[in-house]
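*Asks:*
Residue numbers (the UniProt record's numbering): 1 to 109.
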């Protein structure tokens, strides 16, 4: 399961609307790919379609889809949003990550 904080929910709804997506019916696709300074990096985008092999979760009125491979790396993760002058944007609080880089966009197990 992937959780979505209240601040992340608000920002996701705002960005989805700006990009022509509907938070009530479209998805946030969360994935993991090779790269970044720690070896693996997060991938976050909007999607109108769910593939058959995708796992789907809904938390805080946000529908999240994850491919099977990425799911193993993301179990228990909370998606948060940090705004303001010192904010980093979307932040993944991943209990599976052994090490993360300073920007929080990549990790290793």
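Idealized CB from N, CA, C, for every residue including glycine.
Hey, which unbroken runs of the alpha helix (DSSP H) at 4 residues or more fall wholly within the UniProt domain "Core" (2-105)?
*Replies:* Counting whole runs of 4 or more residues, the UniProt domain "Core" (2-105) contains the alpha helix (DSSP H) stretches 6-18, 68-74.
*Asks:* Which residues in the same chain have their Cβ closer than 7 Å to the Cβ of residue 6, if we skip the five residues on either side of it in sequence?
*Replies:* The residue given as residue 6 occupies position 6 in the chain shown. Cβ neighbours of residue 6 beyond the five flanking positions: 60.
*Asks:* Quick check on residue 2: buried or exposed, where buried means 16 or more other Cβ atoms within 10 Å of its Cβ?
*Replies:* Within the chain shown, numbered from 1, the residue matching residue 2 stands at position 2. By the 10 Å Cβ count, residue 2 comes out buried.
*Asks:* Using the C-alpha atoms, what's the distance from residue 86 back to residue 49?
*Replies:* Taking the chain shown and counting its residues from 1, one reaches residue 49 at position 49. Taking the chain shown and counting its residues from 1, one reaches residue 86 at position 86. In a straight line, the C-alpha of residue 49 is about 34 Å away from that of residue 86.
*Asks:* Do residue 63 and residue 28 come within 8 Å of each other at the CB atom, strictly closer than that value?
*Replies:* For the purposes of this step, residue 28 is taken as residue 28 along the chain shown, with counting starting at 1. For the purposes of this step, residue 63 is taken as residue 63 along the chain shown, with counting starting at 1. It is a contact, given that the beta carbons lie within the stated cut-off.
*Asks:* Is it true that the stretch 63-73 meets the stretch 18-32, where meeting means three or more beta-carbon pairs spaced less than 8 Å apart?
*Replies:* Touching, yes, given that three or more Cβ pairs across the two stretches are closer than 8 Å.
*Asks:* Assign residue 34 to one of two classes, buried (16 or more other C-beta atoms within 10 Å of its C-beta) or exposed (fewer than that).
*Replies:* In the chain shown, counting from the first residue as 1, residue 34 sits at position 34. Answer is exposed; the Cβ neighbour count stays below 16.
*Asks:* Using the Cβ count rule (16 or more neighbours within 10 Å means buried), how would you classify residue 51?
*Replies:* By one-based count along the chain shown, residue 51 stands at place 51. Label assigned to residue 51: exposed.
*Asks:* Kindly list the residues whose CB is nearer than 6 Å to the CB of residue 81, restricted to its own chain and excluding five residues on each side of it in sequence; keep chain order.
*Replies:* Here residue 81 refers to the residue found at position 81 of the chain shown. Once the five neighbours on either side are set aside, the close Cβ partners of residue 81 are 7, 8, 11, 90.
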